[in-house]
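S.K.: The structure that follows is given in the form of structure tokens.
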Amino acid sequence: MSKKTLFAAMLLFALLASFGQGGPLVPSTAQAAVNLTQYVNPLMGTKDTTTNTGENPTNGAHGARMPSAQVPFGMIQWGPDTNTSDTAISYDYDNTTLRGFSLIKGEYMEYWSPFLPYVGSVGSSPGTNASAYHSTFSHANETAAPGYYRVQSDSNITTELTNTSRAGQAKFTYPAGAPATLIVSSGYRATIDPTNRTITGSTGNTTGLFFVARFDRSFSAYGTFAGSSVSAGSTSTNAGNQAGAYVTFDTASGSTVQARLGVSWVSVANAQANLDAEIPNGQSFETTRSNADSAWNTLLNRFLVEDANAQYADLRTFYTTLYHFASQPNVISDLNGQYTGWDSALHTVASGHAAYTTISNWDGGRGQWSLLGMLFPKETSDAIQTYTDSALQVGDLSQILLFGNAYRNNPNVPDWSLPAQAHAFGATAFDTNTTLGVVWEKAQRGRSRGAEYLANGYVGGTGNGDNRAVEITQNNAIADFDSAQMALNLGDYRSYKTMIARSNNWANVWCASCSGNGYNGYLWSRGSNGGGFDSFGGPTGGNETLFEESVTAQGSWRVPHNTAELIGKMGGTNTFRNRLDNFYTKLSDGPVSTYSYFGNQPSFQTPWLYNWAGQPAKTQRVVRQIQLDLFSDQPDGYPGNEDWGAMSAWYVGATMGLHPAIPSVPGFAINSPMFAKLTITLQNGRTLTIEAPNAARTNQYIQSATLNGSSYDSPWVPLASLVNGNQNNTLRLTLGSSATSWGSAPSTNQPPSYGATPVATPTDIAQGKTTTASSECGSNEIAANTTDDNDATKWCAGGTGAVWLKVDLGANATLNSFVVRHAGYGAENVAWNTRDYQIQWSANGSDGGTWNTLVDTTDNVGSISTHTISSIDARWVRLNITKGQQNGATTARIYAFEIYGTGGGGTPVATNLALNSAASALNSCGGSEGPEKAVNGSVSGGNSDKWCATLASGSVWLQVDLGAAKPISRWVVRHAGAGGESASYNSRDFKLQQSSNATNWSDLDSVSGNSASVTDRAVAATSARYWRLLITAPEQSGGNVARIYEFELYGTGSNLALNKTATADSQCGSAEGPAKAVNGSVSGGNSDKWCSAGGSKFLQIDLGASASITRLVVKHAGAGGENTAWNTRAFTIQLSNDNGANWSTPVNVTNNTASETSHTISATAARLVRLNIVTPASDGNGAARIYELEVYDS
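As structure tokens, then:
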């Protein structure tokens, strides 16, 4: 019987035996799980890669996996060390010399405390002559399985290893009658206790790996060694280098010696406690091995394949890559929660949690941590918490966290993307506020050549395209995008806008004139400070100096968040397709090639780019070719370095048919799955089933698709559609052997691309409002600085009494969320971040009156705090600080206090009408400092994020066209100091002018002698279309250069829809009619909304008369405190001014997840407003839920 037929019969039998025909897809706890560990080969990836493609996959082509005994995410990886040529990899399949069995190992790590059985007595020191005790072996005598390793050496010693997370068990079987010695190379110190048959030791003095080993046999001899010295009979050594111990056993009464071993990164005592808890005295080796196998089998059964026609090798490859994928990150904390941090100090995690290590951005930031967040959110959340805590410990986020090492000095690694990626895909159970703060601090101040990147929008080369300058810019832009998504999801809209504006900075190193290999346009290095591009060296020029482990022919594809613009820069869709076809002439041709090099991470995402180019069938073909040609279940089965699970994650996702192509955006690019049916049980107990009828190696093309039974035609699927917590979900992709046009023109869910323009976000209604405080440290650190939208200013207060900050919103408003920016946000010492505080509201604002607490925070350490609340109406809001610093001191430093919401009960809310309006000027200093920069809503994009102009004939002006006459009652100017420049450049004398025709101007307000960085002035409401800032003295010292970061104009728009006549297609119940959507309230409970479950869902408002509409606001389910998955997913808003005969559609939204959406439009005359619901929810729920539809005239 062939392996294929045998496997099909075995799997079918196992399925029928375990849950019977017609039973559940996944075995219940009362049923036996399918034996899936038999399809794991831990030797996969232990040998240099060879392929049948005729290509040259050089540079890191060893899989770098090691066949150790371990459990999922465990601390111990107890296994053999054979490699002598590469210290980064402890095991090499082609080297059959046993050098020992180390306890913890991994790529680019030491071999921690190897144990080495030996026949004979110890003569020369193992510390300096270890090779004298090595032995050889044959792979025919080697067995590796999940949680188990066995090998018989040529000296006839059989070693068997198994383990738990923090403890291990060994059996050493020696030749009968031979002197049986065990050498333990602890590294720093070792202690032998003959009475209790134990060896303890550590790799360092006060830090490092600590272990305790207990044996079932007494020692017949023992000793220690250090350096070249051997001390027979000695029971301890503390030499600090090349130290260890040895013990000898009398095998006359039995040739097998067993040991139980515990490890810890804290102390020998903790190692003993871990051992006693995980492998108690008396537990057999077989029980521990069975438990380890069960741990793996339980995990693998969460990914249950049902496919009687599956190839045996394909199943082995899938389950082995899944095994490697779940082998890290690794627990570093003990059972009591203690661990040694990267600051060498003792730390303790909260009960029920663990600290983790083996975290790599360079490798894992290309989809691995997105999948970890989706599939293992508990472990991933704890790992991200550890990653955040490590930043607090060492003062910076690290690129790579390993056991005892935090690598922070590689300038080519985007070292703050992982939290955003894990968070986007479901790992949210960590201190998001603290994480957001350290992410922000890294993005603003902690990057290699960061000041240059922030000032110029790129990192310059040195004239010959070296120093990885191109990839530093590329990675920073990607990380800015990832971090922006996290900030947006957490409600930190200011940070989001700052970072999303930089996410397109990769385009600053796009050389459109660089031509090579028949194509135009490549990423390439350019001179610093706005200099031109360096001489183009061709698609492979630079020889890995522009990019890490690749060249521009390979690296230029990597703009995961903005493929649409990349397509345009490469010459349009047809050229992009042809160029991609040429790129995949070879699949893995090495790092210096015009073709793909899949032996390393830079080419991971590229196969899915066809989904954006309208040819998803080519994605399906290329991904399947990579799987079949470059992967196998054999020792050489990886096309390159597996890199701590990154390459395994790629294969697991590809087998599922889902790739997180934009790692911080919750969704997947689709390819063809490998198996007919894969049921994934998520940690919340729900299932995602991926069905692929007709699945076969050669049936690689999707013919049709359904999602939860409905037809689906997009090669992109949102995560929310697959992991809705309220139901089990099924994606069905019918396969065939011929390419089709499926997915080439999707009707919905187009593969997304994101430019630098921010999405609509809620309004900070505290900006410009009256702000007072208990006290102020000085005239430059006043309360108003917290509501001035200026990152460079702060409020400071101290003293012995109460410390508070109070905002008067001017009228009742509906409050939804808050953001507090502490000292670290402004680059001050994070030890000054506010520790304990409350956010409160009051009915009358009286300092002595009653203040109701909305938010009560203790032990905050982060630099940015976001707080979402159930909506409440209030006018006065107070930040009450009880401990202003980490040490409990009262002095407070607050850079911003932001309040997000809308005017309650129709109260007018100020809107910056100049934002993104047409702007012009008398002149500009340069092309990058034009008038449009003064109306882009940003002051934090560097020194070029401003309008700059030179005085001419005594004045210079900046003009804004609002598109129509609009009443203005307040104007704001943000001068040089608001953008971080010297306050001596702040404009001194200037005027606000208005005009109806842009020719004849009249003064409305004037300022003389200004020195402040922000001018904020109220004026009598005046209506005009054209507004001008006329500057006559642009600098404090009489200089002639004007520098304006923002020119803002505010009107007083009114909610025209309030209590107007509203109709709808239907309503869910008598209490949920359309009138509820115009009653000015979202806080009246779950019935304070319009709800419709009808087939054609719409809500229509008659304003009673024609009005000039400029803004529309929709408050969805989450605004009323309901499930945010019910926020309207897709909708349009239409306007009519002829009683519905003709409709315009100024608003068309897809993929919304926000609880409130605000839509600014060109002024449009209309009487009727209609909201059409296209997709009512993200989770498939069929009911529309609208708490408010608001319409504003200005």
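Counting from 1, position 108 in the sequence shown corresponds to residue 108 in the numbering used here; the numbering is continuous, with no gaps. Glycine included, each C-beta is placed from N, C-alpha and C at the ideal position. The model shown is predicted, which means the values in this text are computed figures rather than measured ones.
Measuring straight from C-alpha to C-alpha, what distance separates A1077 and E1190?
M.R.: 8 Å
S.K.: If you scan the region 237-325 from start to end, which runs of the alpha helix (DSSP H) of 4 or more residues do you find wholly inside it?
M.R.: 268-278, 285-300 and 312-325
S.K.: With a Cβ-Cβ cutoff of 8 Å, do A813 and T902 count as a contact?
M.R.: With respect to the 8 Å criterion, A813 and T902 are classified as neighbours on the basis of their beta carbons.
S.K.: Can you tell me whether R1017 is buried or exposed? The criterion is at least 16 other CB atoms within 10 Å of its CB, across all chains shown.
M.R.: It counts as exposed.
S.K.: Hey, out of S664, A1075 and S351, whose CA is closest to P718's CA?
M.R.: Answer by Cα proximity: S664.
S.K.: Taking the beta strand (DSSP E) that W876 belongs to, which residues open and close that run?
M.R.: I864 to K883
S.K.: In the DSSP assignment, find the alpha helix (DSSP H) that holds E565 and state where it starts and stops.
M.R.: T563 to K569
S.K.: Could I get the ranges of all uninterrupted beta strand (DSSP E) runs contained in the region 439-516, with 3 residues as the minimum, in chain order?
M.R.: 510-516
S.K.: Taking the C-alpha atoms as reference points, what is the distance between S1178 and A1125?
M.R.: When rounded, the separation of the alpha-carbon atoms in S1178 and A1125 is 5 Å.
S.K.: Count the other CB atoms, across all protein chains shown, that sit within 10 Å of the CB of H324; report buried if there are 16 or more and exposed otherwise.
M.R.: buried
S.K.: For Y1050, name the three-state secondary structure that DSSP assigns.
M.R.: strand
S.K.: Is the beta carbon of R1167 closer than 8 Å to that of A1105?
M.R.: yes
S.K.: Alpha carbon to alpha carbon, how far is V820 from D389?
M.R.: V820 and D389: Cα-Cα distance of roughly 20 Å.
S.K.: How big is the Cα-Cα spacing for A239 and A226?
M.R.: Using only the alpha carbons, I get a separation of about 6 Å.
S.K.: For T203, collect the residues of the same chain with a Cβ closer than 7 Å to its Cβ; drop the 5 residues on either side in sequence, then sort them by chain order.
M.R.: W112, S113, S186, G187, Y188 and L209
S.K.: Use the C-beta contact count for H1201: other C-beta atoms within 10 angstroms, 16 or more gives buried, fewer gives exposed.
M.R.: Here the chain covers residues 1 to 1194 and nothing more, so residue 1201 does not appear.
S.K.: Hey, V807 and K769: beta-carbon distance below 8 Å or not?
M.R.: Closer than 8 Å, so yes.
S.K.: Relative to the ligand FMN, is the shortest distance from any of its heavy atoms to the C-beta of S1023 smaller than 7 Å?
M.R.: This structure does not include the ligand FMN; it has no bound ligands of any sort.
S.K.: Can you name the residues that DSSP bridges to I1101?
M.R.: A1062 and V1169
S.K.: Taking the C-alpha atoms as reference points, what is the distance between T907 and W876?
M.R.: Note that T907 has pLDDT 34, beneath the 50 cutoff, so the model's placement of it is unreliable and the number below is only indicative. Going by the C-alpha atoms only, they are around 14 Å apart.
S.K.: How about the region 231-245 and the region 361-374: do they share at least three Cβ pairs that are nearer than 8 Å?
M.R.: no
S.K.: Name the two residues that bound the continuous alpha helix (DSSP H) containing D363.
M.R.: N361 to G364
S.K.: Are T317 and G637 closer than 8 Å when you measure CB to CB?
M.R.: yes
S.K.: So, is L630 buried or exposed, given that buried needs 16 or more other C-beta atoms within 10 angstroms?
M.R.: L630 is classed as buried because its beta carbon has at least 16 other beta carbons within 10 Å across all chains shown.
S.K.: Can you tell me the Cα-Cα spacing of G1182 and T1175, whole angstroms?
M.R.: 8 Å
S.K.: According to DSSP, which residues form a beta bridge with N405?
M.R.: L402
S.K.: Compare the beta carbon distance of P1238 and F219 with 8 Å and say whether it is the shorter of the two.
M.R.: Since the first residue of the chain shown is 1 and the last is 1194, residue 1238 is not available in this structure.
S.K.: Using the three-state DSSP reduction, which class does F631 fall into: helix, strand or coil?
M.R.: Of the three classes helix, strand and coil, the one that applies to F631 here is coil, per DSSP.
S.K.: Rounding to the nearest angstrom, what Cα-Cα distance links E828 and H822 in this structure?
M.R.: 9 Å
S.K.: How many Å lie between Y174 and A252 at the Cα?
M.R.: 11 Å
S.K.: Could you check which residue in T950, Y312 and S68 has the C-alpha nearest to that of Q38?
M.R.: When each option's Cα is compared against that of Q38, the closest is Y312.
S.K.: Rounded to the nearest angstrom, what separates A427 and T380 at their Cα positions?
M.R.: 6 Å
S.K.: Quick check on the burial criterion: 16 or more other C-beta atoms within 10 angstroms. Buried or exposed for N83?
M.R.: Flag for N83 reads buried.
S.K.: Do you know offhand how far I104's Cα is from A695's?
M.R.: Between the alpha carbons of I104 and A695 lies a gap of roughly 40 Å.
S.K.: Smallest Cα separation from A918: which of A33, Y1026, V122 and S1013?
M.R.: Y1026
S.K.: Determine, using beta carbons only, whether N529 and G450 come nearer to each other than 8 Å.
M.R.: no
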